[in-house]
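Visitor: The sequence shown runs 344 to 651 under the numbering used here. Don't be surprised by glycine CBs; every beta carbon is placed ideally from N, CA and C. Quick one: structure below, then a few questions.
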Amino acid sequence: MAEASAPGKAILLGEHAVVYGEPAIAVALDLRTYVTTVPRPGGITVHGEPLQDKLFPHLRKAVEMTGARDVELRIESELPSSAGLGSSAALSCAALGALLRSRGHDVRASEVARLAFDIELATQEGRASPTDTTTSAAGGGVLVDSAPGPGLLWSFERNGKRWHLHRVPVPELTLVVGMSGQRGRTSEQVARVAQVVQRDGLGTVRELGDIARAGAKALAAKDQEELGRLMDRAHAGLRTLGVSTPRLDELVQAARAHSYGAKLTGAGGGGSIIALTREPERVVHVLESKQCPALVAKLTPRGVEAAP
Ligand code: MEV
């Protein structure tokens, strides 16, 4: 038996634009996915049923990459799926960790991040960034940038684009996550943005990149007011890209009454919002009054981990 786990994430700034090589900032959330592998003749199964590629495309890829055969996979997750909180990346990282360990390999975050990114690329039709997968593999705060700088973890180049992944210190931030209850599928939302970009050009994407760059400075200066303002602006840009919904706009608007700023997080089309606040209880209350389950996010420095 082998076991591994990996965390979900929230993107503070830069989602979607990061697919086009712009910067992004993400933090690992203390909500994890756990995968256990049990050797068992009869091919690859998930909780005793044959692995269905349509249901678990990320698992199929992880199995192919690690050359595993005759194993049962068991999954437990604290992360809701299609909620913009990185459940797919956490599943890829945890599955890779467990499968690598079951085959006697060391589980290195850099290796898991690389393989998990290639899984995202395959499942998002080539339109993906390494943001979610590196944040899940490395834990903590991650800055994705087009140029290497201090705190560089690793770099990837795919389809003519280059991403440099950095460790970024995250000051004490209180984030509230509100789950809209609408499911947002990442592959659909990145395809939608690709259409908007084809029609209208890269103006909004570049603007979101500038906002994330300013966000990195605000984070370093521990300037929460500025970070909040930038989050508000980022939400407006994401609306322009067509990935917000009336429900997400409503929740963001409600949260702002008690926040430095609020925005959708992750792919959008549903999923979750985040609010940066000094008054988390009030934000949770206001979101819950709109039938939106909400939690005060705990961040984690722990990335992918395999049981010894
Ligand atoms: C999804 O969490 C983040 C996106 O930017 C897609 C990606 O980076 O691959 C929307």
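The ligand MEV and Asp475: does any heavy atom of the ligand fall closer than 7 Å to the residue's C-beta?
Guide: Indeed, a heavy atom of the ligand MEV lies less than 7 Å from the Cβ.
Visitor: In terms of alpha-carbon separation, which member of Trp506, His628, Ala618, Lys633 lies closest to Ala640?
Guide: The candidate whose alpha carbon is nearest that of Ala640 is Ala618.
Visitor: Among residues of its own chain, excluding the 5 on either side of Val487, which ones have a beta-carbon nearer than 8 Å to its beta-carbon?
Guide: The residues are Gly357, Val361, Pro366, Ala367, Ile368, Ala369, Ser472, Pro473, Thr474, Thr477, Trp506, His507, Leu508, His509.
Visitor: Taking C-alpha atoms, which residue in Glu346, His359, Ala345, Gly351 lies nearest to Arg535?
Guide: Closest option to Arg535, Cα to Cα, is His359.
Visitor: Among Gly614, Ala561, Gly391, which residue has its Cα nearest to the Cα of Pro589?
Guide: Selected option, being the one with the closest Cα: Gly614.
Visitor: Rounded to whole angstroms, what is the Cα-Cα separation between Gly347 and Asp543?
Guide: The displayed chain sequence assigns Ala, not Gly, to residue 347. Roughly 43 Å between the two C-alpha positions.
Visitor: Can you find at least 3 beta carbon pairs, one from the stretch 408–419 and one from the stretch 513–524, that sit closer than 8 Å?
Guide: Cβ pair count under 8 Å is below three, so no.
Visitor: Let me know if Met574 comes out buried or exposed under the rule of 16 or more other beta-carbons within 10 Å of its beta-carbon.
Guide: The residue in question, Met574, is buried, as its Cβ has 16 or more Cβ neighbours within 10 Å.
Visitor: Could you please give me the residues that DSSP links to Leu518 through a beta bridge?
Guide: DSSP, once it has assigned bridges, lists Leu619 as partnering Leu518.
Visitor: At the level of alpha carbons, what is the spacing between Arg526 and Glu463?
Guide: Using only the alpha carbons, I get a separation of about 18 Å.
Visitor: Taking 7 Å as the cut-off, is the beta-carbon of His359 closer than that to any non-hydrogen atom of the ligand MEV?
Guide: Correct: His359 has its Cβ closer than 7 Å to the ligand MEV.
Visitor: Mapping DSSP to helix, strand and coil, what is Ala353?
Guide: DSSP places Ala353 in strand when its eight states are reduced to three.
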